[in-house]
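Add 306 to the 1-based position in the sequence shown for the working numbering, that's all there is to it.
Quick reminder that beta carbons are idealized off the backbone N, C-alpha and C, glycines included.
As the structure is a computational prediction, the values presented were derived from the model and not from experiment.
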Amino acid sequence: MNILVTGGAGYIGTHAVVELLDSGHNVCVVDNFCNSSRISLARVQDITGKSVRLYEGDICEFDFMAEVFEKNDIDVVIHFAGLKAVGESVLKPLIYYKNNVEGTISLLRAMNSAGVKKIIFSSSSTVYGEAVMPVSEKSPRGNPTNPYASTKKIVEDILLQISQTDPAWSVGILRYFNPIGAHKSGLIGESPQGIPNNLLPYLCKVQLGQLPFLTVFGNDYPTKDGTGVRDYIHVLDLAKGHTASLDFISKTTGYYVWNLGTGVGYSVLDIIKSFEKISAVHIPFRFSARRPGDIASCWSTTEKAEIELNWKAINTLDDMISDTLNWLRLNPVGYN
Ligand code: NAD
Ligand code: UFG
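What follows is the structure, given as structure tokens:
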């Protein structure tokens, strides 16, 4: 199939593009590189030996997007492009609504004009908010605790309403839990700009001595050791979740939601311990107050994706950390 991947130069996008190319699909990427590098796509081509057609531009620009659809006979869109830093969204809500909501509307208008009605959307476990764990696709979505989560909820609603109005649409909503890890080759991985917000990229900087210590946000949560618990999933497993959902939605119509997680929650202290064990480096850390917008725990059920997509995450936490460290060893300053 011909797949348009928005945000295909980013962390999850590059891993998904490798998986798509390896599965025999043709891939066209739209990215404005606001949080990524052209080098990542060159690396994708090194890994797969296949080329990707790149359109540099902003999904918010309708004319640009319409042209991409005119020039390519697209079957399905996989929509990663978006801003993703929870803390930044609290400071810059309008930029998040513009990029993530307006950008998606522009993309959907261009799809409509071209008669392309199949889309997979990168949503997030943050749509569940404070919930009873584990969360399943039937769990109610909670009140968004930050503008980023709000944009994901709004886009989910837009896609639901479109598919209800026009039954020719086929929509796959993928609610990711916490993606970490990197490609086994060490050629692609997460390369955040500036000081990282997320736990694993921050730990990497501490391990390299680029930052002095990790701040653990909160040790008074109602969890096994007081620190936040999350469902960390290898980005390679996540990438396979996209090809599995692509197979599903390409053969049907309607609106489908799948959680992509492992079903296991690890605390921040668990992660530090595993990271120290595998890297053989001591990680200094200090406890601080809870981070605004954070919840205590979040982990997923896995049955729906297992049954409907025949997909299950297989990499262990040790695999995720080893592959992160391999990427880091080969690329101590990411793609820079
Ligand atoms: P990323 O920042 O690495 O990748 C996003 C890509 O989209 C980047 O290459 C960026 O340049 C591009 N982009 C952003 N806005 C754009 C625009 N207006 N036009 C064109 N390109 C644009 O992020 P990621 O971790 O790969 O996340 C991909 C998607 O998955 C995002 O929608 C994110 O919200 C979602 N998600 C990520 C996580 C996570 O923890 N990484 C978890 C849940 C959901
Ligand atoms: N944490 C620290 N110190 C840090 C960074 C994080 O203690 O320096 C803690 C957090 O408080 C939390 C856990 O580590 O308990 C994980 O935090 P991350 O920032 O790595 O991840 P989040 O769960 O906050 O959010 C991530 C992405 C979102 C995505 C969500 C669910 O940033 O975009 O996972 O997929 F929506």
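- If only uninterrupted alpha helix (DSSP H) runs of at least 4 residues are considered, those enclosed by the region 324 to 408 are 344 to 354, 368 to 377, 392 to 397 and 399 to 402.
- Per DSSP, I309 is one residue of the beta strand (DSSP E) stretching across N308 to T312.
- Near the ligand UFG, meaning a Cβ closer than 6 Å to any of its heavy atoms, lie the following residues in chain order: K390, V392, S430, S431, T432, Y482, F483, N484, N503, N504, L505, Y508, L520, T521, V522, F523, G534, R536, V574, R597 and D600.
- Annotated as distal: S430 and Y508, with beta-carbon spacing of 8 Å or more.
- DSSP assignment within the region 535 to 576 yields the following whole alpha helix (DSSP H) runs of 4 residues or more, N-terminal first: 541 to 556.
- Shortest Cα-Cα distance from V587 to any of P518, G316, L310 and L542 involves P518.
- Annotation for P485: the continuous beta strand (DSSP E) segment containing it runs N484 to I486.
- Between the beta-carbon of I584 and that of L631 there is about 6 Å, and that keeps the pair under the 8 Å contact cut.
- Counting along the chain, no beta strand (DSSP E) covers R635; the unbroken alpha helix (DSSP H) around it starts and ends at L623 to L636.
- Contact between the region 417 to 429 and the region 379 to 390 is present: three or more C-beta pairs spanning the two stretches fall below 8 Å.
- The secondary-structure analysis by DSSP pairs G478 across a beta bridge with I426 and Y562.
- Taking C-beta atoms as the reference points, E408 and C340 fail to come closer than 8 Å.
- At least one heavy atom of the ligand NAD is found less than 7 Å from the C-beta of T312.
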